[in-house]
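Residue 303 in the numbering used here sits at position 125 of the sequence shown, and the numbers go up by one each step.
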Amino acid sequence: MAGHSKWANIQHRKGKQDSKRGKIFTRLIKEITVAAKLGDSDPAGNPRLRLAIEKAYAQNMPKDNVERAIKRGSGELEGVDYQELRYEGYGINGAAVLVDCMTDNKTRTVADVRHAFSKHGGNLGTDGSVAFLFKHCGQMLFAPGTDENALMEVALDAGAEDVISNDDGSIEVITAPYDFMEVKKRLEAAKFHPEVAEITMKPENEVVFTGEDAVKMQKLLDALESLDDVQEVYTNAVIEE
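If you want it as structure tokens, here you go:
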């Protein structure tokens, strides 16, 4: 998307997340627990768990909290049995929204998600209604001023799928989900440190929202993100400040 600042938008989202540190801890503990449950409890053999732990430490989560979450996931400690769910829906002007949840009560979660959509001008869709508008991938964002040619050389050599130069000077590196950790490691070894690094659902096309529509869309996204069972919200809407 050429006409908006990817960098400003990502920084705004990061700032909002940092202001919800307690909720981030809860979500990260869920992610670590489920990642350990579904895969190896040793991070070395479980890329999803390794990434979740890395995110937890980046948020200054105490090591004891991380280790307890791993043990709950692996069955060494008793814990809640979380189920992963994805809901698809539409926001203002039909903007696509994906909502990833982890819950121990599916009935409660779907009711909460449906209510958030309907209260803020959106509506819950059916499975497959908008997922095709997103790509499951690894995404790293580098600050404006990063040496694009040098970054591209290392990234592509490490197995990245694409390197995208944005109009605001920021650079994105896109990888296949399972190549993400290796590419990230190679880039960091070459002194390229991403400001954002995540496995995400990247919209194939983005729609810029301004004015009153932007305010309405942001309220919907905030309502969904505030739900206890929601882990991540993805949208093709870009909210201009």
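Each residue gets a CB set at the ideal place from its N, CA and C atoms; glycine is no exception.
task: Could you check the C-alpha separation between V408 and N344 for me, to the nearest Å?
output: Here residue 408 refers to the residue found at position 230 when the sequence shown is read from its first residue. Here residue 344 refers to the residue found at position 166 when the sequence shown is read from its first residue. The alpha-carbon atoms of V408 and N344 are separated by roughly 30 Å.
- request: May I ask you to verify whether the segment 315-323 touches the segment 361-375, counting CB pairs closer than 8 Å and requiring at least 3?
  value: Touching, yes, given that three or more Cβ pairs across the two stretches are closer than 8 Å.
query: Taking the beta strand (DSSP E) that S252 falls in, what are its first and last residues?
result: Looking up residue 252 in the sequence shown gives position 74. From DSSP, S252 is part of no beta strand (DSSP E) but of the alpha helix (DSSP H) over 241-252.
- prompt: Based on Cα-Cα distance, which residue from E245, D220, G223, A354 lies nearest to K208?
  reply: Residue mapping note: residue 208 aligns to position 30 of the sequence shown, counting from 1. Nearest to K208 by C-alpha distance, out of E245, D220, G223, A354, is E245.
task: Count the other C-beta atoms from every protein chain shown that fall within 10 angstroms of the C-beta of K241, then say buried if there are 16 or more, exposed otherwise.
output: Mapped onto the sequence shown, residue 241 falls at position 63. K241 comes out exposed.
query: Assuming A274 and T413 make a contact with CB atoms under 8 Å, what is their CB distance in whole Å?
result: The residue labelled residue 274 in the question sits at position 96 within the sequence shown. The residue labelled residue 413 in the question sits at position 235 within the sequence shown. Right, their Cβ atoms sit about 6 Å apart.
- request: Count the CB pairs spanning the segment 295-308 and the segment 353-361 that are closer than 8 Å, and state whether there are at least three.
  value: Two segments are said to touch when three or more pairs of C-beta atoms, one from each, lie closer than 8 Å; by this definition the segment 295-308 does not touch the segment 353-361.
- request: From the DSSP output, in three-state form, read off Q410 for me.
  value: Within the sequence shown, the letter at position 232 stands for residue 410. One point to set straight first is that residue 410 is Glu, not Gln, in the sequence displayed. Residue state, collapsed to three classes: strand.
- request: Indicate whether the contact test is met: 3 or more Cβ pairs, each with one atom in the segment 274-292 and one in the segment 329-345, closer than 8 Å.
  value: Flag = no, the segment 274-292 and the segment 329-345 do not touch.
- prompt: Which residue from S252, D406, D400, A336 puts its Cα closest to that of D282?
  reply: Here residue 282 refers to the residue found at position 104 of the sequence shown. The alpha carbon of D282 has as its nearest neighbour, out of S252, D406, D400, A336, the alpha carbon of D406.
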